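Novice: Residue numbers (the numbering used here), protein chains in the order written: chain R, 5 to 167; chain W, 1311 to 1435.
Before I ask anything, let me first share the structure, which is written out below as structure tokens.
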Amino acid sequence: MDPADLFRRHHVAVFRYLLRRTGDRTVAEELMQETFVRVVRHGHRYDERGRERAWLFSIAYTLVANWARDRRRRPTVAPVDPQYPAHSTDAAASLALERVLAALPELDRDVLLLRELGGLDYAEIAETIGGTVAAVRSRLHRARTAARSLLADASTAVAGERR
Amino acid sequence: MNTELDEALSAWIDGEVPSHDVLLRAIAQPDALATLRGLLEVRALLQTDALPSPATVAATQAASRSSRRSIRRVAGALRVGVAAMTLLTVGIGIGLGWPRGRTAAVEWARPPAADLIAQFTFETR
């Protein structure tokens, strides 16, 4: 396991996951840095080949879970820096997404973000959060369905506020 | 709503189930296309172009290169540096005359020499 190679290949995905998860760019950068420092410090303990990404994201996942617990409140989730906007240029959609993600159960949100932004497959997500592949599949479907439904509601609400 | 099919569609867009399994069932299900569209909309909305700042990337790379041993080495070097700076400060203080001032004060307080006193006679009545 080469930490420099791991950083080069995955730091953007880790950062984006942390950014969506925390909604705070500064926090996301700090947690990303801490994730890779831990990779270096504890790399000697890692000996399972081929599961580096799951191991890396499990560190990020634990750090962000600790951060969320410390905050003792539901974190907001949004692209907060206008210099780095979301892929979507629709501000209303971004606002809607913010609300949707905040409304999802924490573990469902994690599964969704690990899949969509981390790029992890189901087995890797299961390893990261500690569960089964079947549970991940089910949770992911639930998260997407809820997001779809909430998104429709939130878009309507945001459009109503604008009028 | 066909939950089983919806779940299969969700897994399909992740490449976790073979296409033929899902598509055959989806074709027979009128809502499948709308479901698929909704799933893909959620996916598109979640994507972001955000990147960590170059400063953070550089700092993280630097931190990643450091091992605990090197961190200890840096800490040791810092301690030596602080000790050297302290010595240097004391040296500069000495050079700037701290003891000289002290010596001058001592000389000022010292009584004049006896032969100097003898040159002056004081008459007493």
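Glycine included, every Cβ here is placed at the ideal spot set by N, Cα and C.
Values in this document were obtained by computation on a predicted structure and should not be read as measured data.
Distance check for W:V1390 and W:A1424, CA to CA, integer angstroms please.
Specialist: As a first step, residue 1424 of chain W is located in the second sequence; it is residue number 114 there, counting from the start. As a first step, residue 1390 of chain W is located in the second sequence; it is residue number 80 there, counting from the start. Approximately 52 Å, taken between the alpha carbons.
Novice: Below 7 Å on C-beta distance, what does R:Y50 contact in chain W?
Specialist: For the purposes of this step, residue 50 of chain R is taken as residue 46 along the first sequence, with counting starting at 1. Correct list: empty, because the minimum Cβ distance to chain W is about 14 Å.
Novice: Can you list the residues of chain W that R:Y126 reaches, using a CB-CB cut of under 8 Å?
Specialist: For the purposes of this step, residue 126 of chain R is taken as the residue at position 122 of the first sequence. Under the 8 Å cutoff, chain W gives A1321, D1324 and E1326.
Novice: Under a three-way DSSP split, which group does R:T136 fall into?
Specialist: The sequence position of residue 136 of chain R within the first sequence is 132, counting from 1. Of the three classes helix, strand and coil, the one that applies to R:T136 here is coil, per DSSP.
Novice: Using the rule of at least 16 other Cβ atoms within 10 Å of the residue's Cβ for burial, across every protein chain shown, is W:T1399 buried or exposed?
Specialist: The residue given as residue 1399 of chain W occupies position 89 in the second sequence. W:T1399 should be labelled exposed.
Novice: Between the Cα of R:A58 and those of R:A147, R:A96 and R:T132, spot the shortest distance and give me the residue it belongs to.
Specialist: The residue labelled residue 58 of chain R in the question sits at position 54 within the first sequence. Ranking the options by Cα distance to R:A58, first place goes to R:T132.
Novice: Counting Cβ pairs closer than 8 Å, one from the region 62–75 of chain R and one from the region 28–40 of chain R, do we hit at least three?
Specialist: Taking 8 Å as the limit for Cβ pairs, the verdict is that the region 28–40 of chain R does touch the region 62–75 of chain R.
Novice: So with Cβ pairs under 9 Å, would you call R:S92 a contact of chain W?
Specialist: Your numbering for residue 92 of chain R matches position 88 in the first sequence. Confidence at R:S92 is low in this model, with a pLDDT of 48, below 50, so its placement is unreliable and the value that follows should be read with caution. For R:S92, the answer is yes, since a Cβ of chain W falls inside 9 Å of its Cβ.
Novice: Show which residues of chain R have a CB atom less than 8 Å away from the CB atom of W:P1362.
Specialist: Sequence index remark: in the second sequence, residue 1362 of chain W carries index 52 (1-based). Neighbours of W:P1362 on chain R, chain order: H15, V16, F19, A32, E33 and M36.
Novice: Taking 9 Å as the CB-CB cut-off, is W:V1392 touching chain R?
Specialist: For this step, residue 1392 of chain W is matched to residue 82 along the second sequence. Cβ-Cβ to chain R under 9 Å: no for W:V1392.
Novice: Can you find a C-beta in chain W that's less than 9 Å from the C-beta of R:S62?
Specialist: Along the first sequence, read from residue 1 onward, the residue named residue 62 of chain R stands at position 58. Chain W, which has no Cβ nearer than 9 Å to the Cβ of R:S62, makes this no.
Novice: Check whether the Cβ atoms of W:L1350 and R:L155 lie closer than 9 Å to each other.
Specialist: Position 40 of the second sequence, counted from the start, is the residue given in the question as residue 1350 of chain W. Position 151 of the first sequence, counted from the start, is the residue given in the question as residue 155 of chain R. Cβ distance not < 9 Å, so W:L1350 and R:L155 don't count as in contact.
Novice: Inspect the CB distances between the region 1336–1345 of chain W and the region 1312–1324 of chain W and report whether three or more fall short of 8 Å.
Specialist: Yes, the region 1336–1345 of chain W touches the region 1312–1324 of chain W.
Novice: Are there 16 or more other CB atoms within 10 angstroms of the CB of R:H145, so buried, or fewer, so exposed?
Specialist: Sequence index remark: in the first sequence, residue 145 of chain R carries index 141 (1-based). Buried.
Novice: Do R:V137 and R:A147 count as a contact pair if the criterion is CB distance below 9 Å?
Specialist: By 1-based counting over the first sequence, the position of residue 147 of chain R is 143. By 1-based counting over the first sequence, the position of residue 137 of chain R is 133. Contact: no.
Novice: Would you decide whether W:L1406 is buried or exposed? Buried here means 16 or more other CB atoms lie within 10 Å of its CB.
Specialist: Looking up residue 1406 of chain W in the second sequence gives position 96. That one is exposed.
Novice: At a Cβ threshold of 9 Å, is R:A151 touching chain W?
Specialist: Translated into the one-based positions of the first sequence, residue 151 of chain R becomes position 147. So yes, R:A151 belongs to the interface.
Novice: State buried or exposed for W:G1403, treating a residue as buried only when at least 16 other CB atoms are found within 10 Å of its CB.
Specialist: The residue labelled residue 1403 of chain W in the question sits at position 93 within the second sequence. Counting Cβ neighbours within 10 Å, W:G1403 comes out exposed, since fewer than 16 surround it.
Novice: So what does DSSP say about W:P1328, is it helix, strand or coil?
Specialist: The count along the second sequence starts at 1 and reaches residue 1328 of chain W at position 18. Note: W:P1328 maps to coil in three-state DSSP.
Novice: Give the interface partners of W:V1367 over in chain R, defined as CB-CB distance under 8 Å, in chain order.
Specialist: Here the question's residue 1367 of chain W lines up with position 57 in the second sequence. Correct list: H15.
Novice: Between the region 1329–1360 of chain W and chain R, which residues of the former have a C-beta closer than 9 Å to a C-beta of the latter?
Specialist: Within the region 1329–1360 of chain W, the residues whose Cβ lies closer than 9 Å to some Cβ of chain R are T1345, G1348, L1349, E1351, V1352, R1353, A1354, L1355, L1356, Q1357, T1358, D1359 and A1360, listed in chain order.
Novice: Who are the near neighbours of R:V115 in its chain, counting only those whose CB is closer than 8 Å to its CB and skipping five residues on each side?
Specialist: Along the first sequence, read from residue 1 onward, the residue named residue 115 of chain R stands at position 111. Cβ within range, chain order: I129, I133, V140, R143, L144 and A147.
Novice: Here's a check: name, in chain order, each residue in its chain whose Cβ is nearer than 7 Å to the Cβ of R:Y126, leaving out the five neighbours to either side.
Specialist: For the purposes of this step, residue 126 of chain R is identified with residue 122 of the first sequence, where counting begins at 1. Contacts found: V137, V140 and R141.
Novice: Against chain W, with Cβ distances strictly below 9 Å, would R:A130 count as a contact?
Specialist: Locating residue 130 of chain R in the first sequence gives position 126, where the first residue counts as 1. Taking Cβ atoms only, chain W never reaches closer than 9 Å to R:A130, which makes this a no.
Novice: Can you pull the chain W residues whose beta carbon is under 9 Å from the beta carbon of R:L108, in chain order?
Specialist: Along the first sequence, one-based indexing puts residue 108 of chain R at 104. Within chain W, no residue comes near R:L108; the closest Cβ sits about 11 Å away, beyond 9 Å.
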